[in-house]
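Worksheet: the structure to be examined is printed underneath.
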Amino acid sequence: GFITTSSPHNLVTMRSVFHRHGLSASVQRSIFGGISGSDDYDDDLNDDTIKSVATSDDMDVFEAWSPYHLVKKCQSEYITLISDGNTNRNNNDYESIDQLKDIFPKLCVIHGTADKTVPVEEAIEFLSLLSNLQIPALSKMYPGWSHTDPILEKPMLGNHLYHRDIYELVRLWTGGSGAVSDEGLGFCNGNIECNSEHKSENAEIIGIVDDSTKAVEDDLNRIPFDETHSILRPICPTTLVEIARVCNPF
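Anchor point for the sequence shown: position 98 equals 79 in the working numbering, and the numbering is continuous, going up by one each time.
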C-alpha cells in the first residue's frame, strides 16, 4: 500500500505556498531539477503571477514530480493503451477508467486540518481526483493537527494515535488475523463524507474523523499495538510543547 501524510500532492499549486515559507522560485527549480531562469520575480511570486511567469519547462518539471499530475497522466495513458488494444472499439472512457484502479496499490491519505505548511485542501483535491477516477482510497484527517503533530508534538505528549493507525492499517492491508476494519479504525473511503464542521471553499472535505478510534480487541493470533509500552510515554512537559507550538512555523 501507499500512505501519504501531510503531503503536497499538487506541486504546481504548492509553488506559491513554498515561496511564502522561504523557498524561492530558483530554489524550487533546483530541488526538482527545473530549468534555471531569471529570479527577478522571486520576491513578487504569488498565486496570480506564478503561472504567467513560469516557463513551460518549469511547469513540466513540477508536474513530473507531482502526485496529482502523475495520477492524471496515468489516466490519459491508460485510456490510450486500452483504446489502442481494443480491436472492437466498443469500450468507452468510463470502462477504461473503471479498470484504472487495478494498477494502483492500496491508498490512504492522511492530513491534519491545521496544517500551515501544506494546506489540508491538498489532501481534499487529491482525494477528489481519485474519487472521480474511481480509484479506491482511504483517508483520515486529524482535527486541529499541524504539519508536524503526527511525528513531533503528539508523540512528545505520549499521543501515538498516528503510529497506531499506521500499524493497524498495515495489519489490515496485509491480511493479519484479527486486524481491525478500516471503519473500525476511523478511516473513511474516498467517496464517503464523515461528519465534520471543517469545510473547504473548493471541495467538501473527505474523511474527517474524531481524534479517537475504536478500541482494538486483543486477539491471540495477532500482536496488538501496545499503547501502554514504556517507550510510548510522554517525553516532554505539556507546557514546553505548547510553547514550542507558538514558535513552530508549521
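Cβ coordinates follow ideal geometry from the N, Cα and C atoms, glycine included.
Sequence-distant residues of its chain with Cβ nearer than 7 Å to residue i (five each side left out)
{"i": "T(-14)", "result": "I91, P131"}
{"i": "G14", "result": "V42"}
{"i": "M40", "result": "V(-7)"}
{"i": "V222", "result": "E134, M137, L138"}
{"i": "W46", "result": "L(-8), F13"}
{"i": "H2", "result": "T98"}
{"i": "E44", "result": "V(-7), H50"}
Host alpha helix (DSSP H) of residue i (start-end)
{"i": "F(-17)", "result": "F(-17) -> not in any alpha helix (DSSP H); beta strand (DSSP E) instead, spanning -17 to -14."}
{"i": "V(-2)", "result": "-4 to 1"}
{"i": "L111", "result": "102 to 113"}
{"i": "H144", "result": "142 to 154"}
{"i": "I224", "result": "219 to 228"}
Where residue i falls: helix, strand or coil (DSSP)
{"i": "I91", "result": "strand"}
{"i": "K121", "result": "strand"}
{"i": "N170", "result": "strand"}
{"i": "F13", "result": "helix"}
{"i": "R214", "result": "coil"}
{"i": "W126", "result": "coil"}
{"i": "L133", "result": "coil"}
{"i": "D41", "result": "helix"}
{"i": "S47", "result": "coil"}
{"i": "I116", "result": "coil"}
{"i": "D207", "result": "coil"}
{"i": "D96", "result": "coil"}
{"i": "L81", "result": "helix"}
Own chain partners of residue i with C-beta closer than 6 Å, once the 5 adjacent residues on each side are dropped
{"i": "R214", "result": "G139"}
{"i": "R145", "result": "F206"}
{"i": "H(-10)", "result": "P48, Y49, E103, F107"}
{"i": "Y143", "result": "P131"}
{"i": "G(-18)", "result": "P86, K87, W154"}
{"i": "M(-5)", "result": "P(-11)"}
{"i": "Y148", "result": "F206"}
{"i": "P100", "result": "none"}
{"i": "N170", "result": "none"}
Same chain only: Cβ atoms within 8 Å of residue i, ignoring 5 sequence neighbours per side
{"i": "F168", "result": "C89, L119, S120, K121, D146, L150, G188, V190"}
For this session: Give a yes or no on contact between the segment 90 to 106 and the segment 121 to 131, applying the rule of three or more CB pairs nearer than 8 Å.
Result: The segment 90 to 106 vs the segment 121 to 131: in contact.
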